[in-house]
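One structure is given here, and the rest of the page talks about it.
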Amino acid sequence: MSQESDDPSTPPDAEARALPSDSTRSATWHVSPDLMAVVALDGFFDELNPAWTATLGWSEAELKASPYSTFIHPDDQASSTTVFQEVRDGRTLIRFLNRIMCRDGSFRWISWVAVRDDGRIHCTGRDVTAERGAQEERDRLWALSEDMLARADYSGIMTAVNPAWTKVLGFTERELLTRPYAYFMHPEDAGKSVAALVEMGNTGLPTRFENRILTAEGGYKPIGWTVSPEPDGTQFIAVGRDLSDYKAREAELLQAQEALRQAHKMEAVGQLTGGIAHDFNNLLAAISLALEMVTQRLARGDVDALGKYVTMAQTSVRRGATLTQRLLAFSRRQTLDPLPTHPDRLVAGMEELVRRSVGPAVDVAVESSPGLWQVNVDVPQLENALLNLCINARDAMLPDGGRLTIETGNRTLTAADARELDLPAGDYVMLRVADTGAGMTPEVAARAFDPFFTTKPLGQGTGLGLSMVYGFVRQSGGQVFVRSQPGEGTAITMYFPRHLGDAAAAENAPPEDAASDGDGEVVLVVDDEQPIREVVAEVLELAGYRVLQAEDGPSGLKVLQSQRVDLLVTDVGLPGGMNGRQVADAARVARPDLRILFITGYAENAAVSGDALEPGMAVLTKPFDIAALGRKVEHLLGS
């Protein structure tokens, strides 16, 4: 450490004035906390003020008995002797640091001002031990800190860096101080980093940001910065922390979370496929056995009982269709036909059906809110969801019955409420079904919406009811949650976004009439499943239409471009590089009025969802019956 201090706490002229003259000595000599002395040219003290004893512990007699050099730290002896000689030769000394021994053997740092006058040396010394210790502590922190510390200016140059920069990045101090700090920033981060520094310079407020900093090996390390402006307005202090380990741990955590999600997903898939296999194997067995019996009786010429077996097969097909629709509802992939709807009218229209379904042991109460808002939902799906919840509530109150409450209301969700429900903030309509049944444990409630999860006895529940409700509500832009405690009943609440607009005129429209026969209109059927294509074609031919067939998108488009077609009936998922929607869109370039009926075995929402359908288009979901096909075709050709 240099003996020449650069401490600017006391200006040179002020310290020179601190030497007492004869006229002021009597006023300052006894009260000053600074050490004051008059030293003879031989190095012995002539006069000492009381601060010497107060600061160092020596008595005046002890100090005068030995030359000043007796009290100087051994490491400071040489420099102090040199300086004393210079003052003897007439040089004025300002801010010279050395260590002076106390009576207890410790040392204190003293900053000296000295001048020769009248053949003696007049000096004053200020105790700077505390400041020196703080500075040394700062120096230690600067040297030992694992964070990257720097002082820099707004012109783009760093003026000081601590050793951590070399440890973290590999560059030498010279390399760091002779290049603009923007040189070390990743090109994609430099702009926003410099912008943050400019903003700090304008506001005078500290800032935080992250960026990537170049290493000597040519790579980049993520660094998190805390930057504060200096009072001079031209420089700032930056503290940078290497985030490499943190980012690596974060990546490992995300990987572990993804692995856990994948494990849960596979567990759910296993449960789902097991349930699907069980139910569909039962359906296929019933259909297969029924068809075998039809075959055997036809071989014997016995046709009297054929109707029973055909009915068995048709019933199994309908059950399979219902199961598929529930799975699609859970996965939010079903094709919905949303309409602006008044939920209070829907509930009122279903109240009698609900009462009959739950039986006389259950007291049904409907609590409607006046001025209930509209929602935009698929009305039959909402009716199914409400009825499903009511039947579940009835089963939870068996055998003694209880009270079932259907409640509606308007709700405006704040940002905090919306976060809790995983919904955007805004206006919603609430529809709640509550019962006074046995309730659920937290473990059961957490799995209530899982597919094929049921607490009902074997054979009394598929485990798809609540999962279907969940999928339908989520696909409609809403949310559903369950609140339940053992012995306190269960409440399941559905939230639907408020719809602004007029209710649909056909909200409660009566069923469509049976379809009429065609009059020679040309229908093109495009489907890669030959049995479906041929049966649909035969049905339409029997109904009086002229039918053309194609097995994929490109061949169907060739037919459309080569002759007149009044109606295109196409599967959505087709081979050959063109799906059904693409075929329809290409055909409508030349024929904007072409009527189109999409038939699909699964929900391709991006292609045929209600919002994407144009006038003259409709959707029919497989499996469908002949009557439904006829009504759709007749409606499209008659519109």
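The letter at position 421 of the sequence shown is residue 421 when you use my numbering, and the numbering goes up by one with no holes. For each residue, glycine too, the CB sits at the ideal point set by N, CA and C. Being a predicted model, the structure only gives us computed values, none of them experimental.
Three-state class that DSSP yields for residue i in the structure shown
i, result
"residue 417", "helix"
"residue 635", "helix"
"residue 545", "coil"
"residue 37", "strand"
"residue 313", "helix"
"residue 519", "coil"
"residue 441", "coil"
"residue 388", "helix"
"residue 617", "strand"
"residue 563", "coil"
"residue 529", "coil"
"residue 646", "Missing from the structure shown is residue 646; the chain here goes from 1 to 639 and no further."
"residue 47", "strand"
"residue 550", "strand"
"residue 84", "helix"
"residue 365", "strand"
"residue 89", "coil"
"residue 289", "helix"
"residue 343", "helix"
"residue 42", "coil"
"residue 399", "coil"
"residue 360", "coil"
Buried versus exposed call for residue i [16 or more other C-beta atoms within 10 Å across all chains shown]
i, result
"residue 27", "exposed"
"residue 437", "buried"
"residue 338", "buried"
"residue 11", "For residue 11, the predicted model reports a pLDDT of 39, less than 50, meaning its position is unreliable; a value from the coordinates is still stated below. With fewer than 16 other Cβ atoms within 10 Å, it is exposed."
"residue 303", "exposed"
"residue 497", "buried"
"residue 116", "buried"
"residue 92", "exposed"
"residue 342", "buried"
"residue 229", "buried"
"residue 300", "exposed"
"residue 290", "buried"
"residue 246", "exposed"
"residue 314", "exposed"
"residue 136", "exposed"
"residue 501", "exposed"
Whole-number beta carbon distance between residue j and residue i, since they are thought to touch under 8 Å
i, j, result
"residue 418", "residue 425", "4 Å"
"residue 628", "residue 620", "7 Å"
"residue 484", "residue 490", "4 Å"
"residue 495", "residue 423", "7 Å"
"residue 199", "residue 207", "7 Å"
"residue 369", "residue 410", "6 Å"
"residue 406", "residue 366", "5 Å"
"residue 112", "residue 123", "6 Å"
"residue 403", "residue 363", "5 Å"
"residue 560", "residue 587", "4 Å"
"residue 79", "residue 98", "7 Å"
"residue 573", "residue 553", "The pair is not a contact, with the Cβ atoms about 10 Å apart (cut-off 8 Å)."
"residue 532", "residue 569", "Residue 532 to residue 569, Cβ: 11 Å. No contact."
"residue 526", "residue 571", "6 Å"
Beta-bridge partners of residue i, as assigned by DSSP
i, result
"residue 496", "429"
"residue 374", "499"
"residue 640", "Nothing can be reported for residue 640, as the shown portion of the chain is limited to 1 through 639."
"residue 435", "404, 490"
"residue 484", "490"
"residue 472", "Residue 472 is not bridged to any residue."
"residue 641", "In the structure as shown, the chain begins at 1 and stops at 639. Residue 641 is therefore absent and cannot be evaluated."
"residue 596", "568, 617"
"residue 304", "Partner(s): none; residue 304 has no beta bridge."
"residue 626", "BP columns for residue 626 are empty, so no partner."
"residue 171", "Residue 171 pairs with nothing; no bridge assigned."
"residue 479", "495"
"residue 242", "223"
"residue 67", "44"
"residue 524", "548, 568"
Worksheet item: What runs of the alpha helix (DSSP H), each 4 residues or longer, lie entirely inside the segment 175-240?
Response: 187-203
Worksheet item: What residue ranges within the segment 110-165 form continuous alpha helix (DSSP H) runs of no fewer than 4 residues, ordered along the chain?
Response: 129-144
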